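**Student:** Each residue of the sequence shown is one higher than the last, beginning at 20 in my numbering. Would you mind keeping the following structure in view while I ask a few things?
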Amino acid sequence: MQTEEKLEKRIAYEKMLAGISEQAVSVYNLDDFLSESLRSMGCILDVSRDFIFTYQPVAETFACICEWVARGITSLAALDEMKITIPWGTKHLKDGQIINYQDTRNIPGDHYRARLLAANVKSTLNVPLFIKSQLYGFIGFDECRHHRKWIDEDVYILTTAAQIITRAIENKQFEEELERHRSRLESIFSSVQDAIITVDTEMNVIEANKAAEKICGFKLDNGQAFSDCTAECDQSCLEVLQETLRKRTTIRDYQIECGHRRRNKMIAMVNSSPLLDSGDHFMGAVLVIRDITRLTHLEEELKERHHFQNIIGKSEKMQNVYNLLKTLANQTTTVLLTGGSGTGKEMAARALHYGGTRANGPFVTVNCSALAESLLESELFGHVKGAFTGADRDKIGRFEAADRGTILLDEIGDISPLIQLKLLRVLQEKEFDRVGESNPRKVDVRVLASTNRNLKEAINAGEFRIDLYYRLNVIEISLPLLRERYEDIPLLINHFCEVFQKSYDNNITGVSDEVLQAFMNYPWPGNVRELEHAIERAFVLCRDPLIQLAHIPAEIRDYTPARINKRLPEDRRSDDPEAIRDALEKTDWNISKAARRLGISRWTMYRRFEKYNINRPVDDV
């Protein structure tokens, strides 16, 4: 019995860590992620308090950025312990050592030990956090109710959580770095830090700035033939200059790859313009080269995060779908894909197939709602000659055609009881009979099923077998409705514009602000497919660079959403104790969420606690 309990605990711990890891993949608000992670760990491990402190090297102090406390335990904020100094512990943490004390009375350092004892901390466990090999801070547990021996399981959970949290912080820093890099490149361009090279009509260098030597990797001497200067590179920009000299026209934002003998390839944005003297006489060309290698790589990485096997979305719900698809791609597990019509169930099925070990095998799709029962049976399992009127030859079925690959049973909720029974046999025994044949055939097929129906309701109505449902629903992937992931609409718009640019002869680059607003207001009953058709319709009608309201369907253009303001009244938001308590109760005493609800910072919230003597009721903890 004790072994079973340990196993159950271990499974619960692993599920908790897996949940935190999934959330860490795409963090939209770091404070919320950290708060929820601490809450999950604190509850499942039954500790008094868990927290995260960040290291401030100049002052050599640690500042608490997030904490969770159990029922009846005083918060660090109330104890005035939001900033601490651990002279002896800082070196330990920098060296990657875990601070593990069952009895805080044994902690070295009189000052820190006294603070812990004053806060009634009996046992403490702290694990360092490192980002890019530098101490970022530490994550820890406090036990205030009894002396707790920190077992290997506790240390494992905390160290694993530390790795997950640092990954989440690094991902957030990466996104911020991308934005900073964009801004930095714009500043460089405006301050003329790009390579600027001027040539005469004979392609001789007139002048080049210092940045040219750095960007191009060689010195350009005045009067030297440009082609001689570029002997060490592949002269990718030469064609751009020649085109400007030949046609006396400007070439803008031409992207090239610069190959160089002594360094890696550089991705550059090239602009070339006619060079005119004071009398507007043509005298050559000016070439501006901008190194965008880093930006391009960052954008490609970010794009990969928002695209998976042609499925597009950066929303939290889509990131969760991506995680499941990546996890299940190499498995043979039967998967049930659910979601409304047009949510991308077939694309998800293709991602499972082509992202896994069966990618080289066949991918076969069967629309179960498009065929009558008699035809569907033959379509799925095949038939032998003479099995029924019109069966003039043997025919292999879709299951046989999908051998060593994947079969997608689309609209599985519409099949008849007879076909349900036959499918159950295939799933259980991996064999089937052709229509008119009694010799079972074995097949190695991964089965995926999709439906927009609620199969549980169909079971209750006697329309779907419960045993087949559980065979199909080993793991369910639910594709969210488009109205549940509005933040993905701009990404989808850009994607469809790029697709249709290849099919239609026009210069459309996107949608107007008014169209984007209309799209964001619309509930999209047809989901992604409806959005795709709306964009395609606009490509047929529009002749302007941007799609306008007149080019989109009337039901989208004229839709008026019902708006409900759920925010607290302005006069109750920031400095009213009742409003503060109301916000805390509605957010389950999540301080970060409550602070945002009130429109104040987390630290302001802590000051309000002191001002109005607000403490979490024991019964509610």
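By construction, the Cβ of each residue, glycine as well, lies at the ideal position given by its N, Cα and C atoms. Bear in mind the structure is a predicted one, so any value in this text is a computation, not a measurement.
(1) Using CA coordinates, which residue listed in 440, 508, 410 and 392 is at the minimum distance from residue 334?
(2) To which residues of the same chain is residue 387 closer than 7 Å at the C-beta, ignoring the five residues directly before and after it?
(3) Restricting to Cα atoms, I'd like to know which of 541, 543, 545 and 559 is closest to residue 520.
(4) Are there 16 or more other CB atoms within 10 angstroms of the CB of residue 539, so buried, or fewer, so exposed?
(5) Using a Cβ distance threshold of 8 Å, determine whether the stretch 30-46 contacts the stretch 177-192, with at least three qualifying pairs required.
(6) CA-CA distance, residue 63 and residue 191?
(7) DSSP state of residue 311, grouped into three classes?
(8) Three or more C-beta pairs closer than 8 Å, one from the stretch 167-186 and one from the stretch 50-68: is that the case here?
(9) Taking three-plus beta-carbon pairs below 8 Å as touching, is the stretch 371-386 in contact with the stretch 480-489?
(10) Select from 165, 112 and 168 the residue whose C-alpha is nearest the C-alpha of residue 152.
(11) State buried or exposed for residue 35, treating a residue as buried only when at least 16 other CB atoms are found within 10 Å of its CB.
(12) What does the alpha-carbon distance come out to for the pair residue 453 and residue 468?
(13) Of all the beta strand (DSSP E) runs that stay within the bounds of the stretch 322-370, which reach a length of 3 or more residues?
(14) Which class does residue 505 belong to by DSSP, given the choice of helix, strand or coil?
(15) Output the distance between the C-alpha atoms of residue 443 and residue 484, rounded to the nearest integer angstrom.
(16) When you compare only the Cα positions, how much space is there between residue 551 and residue 494?
(17) Tell me the residue span of the beta strand (DSSP E) that contains residue 159.
(18) Is there contact here, the stretch 409-423 with the stretch 456-471, by at least three beta-carbon pairs under 8 Å?
(19) What are the residues that DSSP puts in a beta bridge with residue 68?
(20) Please report the distance separating the alpha-carbon of residue 110 from that of residue 224.
(21) Hey, how far is the Cα of residue 561 from the Cα of residue 525?
(22) Between the stretch 121-129 and the stretch 88-99, do three or more beta carbon pairs fall short of 8 Å?
(23) Let me check understanding here. Comparing Cα to Cα, which of 265, 518, 556 and 410 lies closest to residue 455?
(24) Terminal residues of the continuous beta strand (DSSP E) containing residue 47?
(25) Assess contact between the stretch 301-310 and the stretch 216-232, defined as three or more Cβ pairs (one per stretch) separated by less than 8 Å. Is contact present?
(26) Going by DSSP in three states, residue 272 sits in which element: helix, strand or coil?
(27) Below 9 Å between beta carbons: does that hold for residue 214 and residue 135?
(28) In chain order, what residues of the same chain have a beta carbon less than 8 Å from the beta carbon of residue 542, not counting five sequence neighbours either side?
(29) Can you grab the Cα-Cα spacing for the pair residue 96 / residue 474, in whole Å?
(30) Residue 456 lies in the beta strand (DSSP E); which residues open and close that run?
(31) Among 600, 549, 528 and 139, which one has its Cα closest to the Cα of residue 565?
(32) Taking C-alpha atoms, which residue in 546, 154, 139 and 571 lies nearest to residue 555?
(33) Taking a contact to mean a Cβ-Cβ separation below 9 Å, would you say residue 405 touches residue 414 in this structure?
(34) Which term fits residue 147, buried or exposed, when burial requires 16 or more other beta carbons within 10 angstroms of its beta carbon?
(35) In its own chain, which residues sit with a C-beta less than 6 Å from the C-beta of residue 142, not counting the 5 before and 5 after it?
(36) On the CB-based measure, 16 or more other CB atoms within 10 Å of its CB, does residue 634 come out buried or exposed?
**Tutor:** Short version:
(1) 508
(2) 395, 428, 429, 430, 431, 433 and 434
(3) 559
(4) exposed
(5) yes
(6) 27 Å
(7) coil
(8) yes
(9) no
(10) 112
(11) buried
(12) 21 Å
(13) 354-357
(14) helix
(15) 9 Å
(16) 29 Å
(17) 153-162
(18) yes
(19) 88 and 161
(20) 58 Å
(21) 8 Å
(22) no
(23) 410
(24) Where residue 47 is concerned, there is no enclosing beta strand (DSSP E), given that its DSSP letter is neither H nor E.
(25) yes
(26) strand
(27) no
(28) 502, 578 and 580
(29) 50 Å
(30) It is not in any beta strand (DSSP E) - residue 456 carries neither H nor E in the DSSP assignment.
(31) 528
(32) 571
(33) no
(34) buried
(35) 121, 162, 166 and 167
(36) exposed
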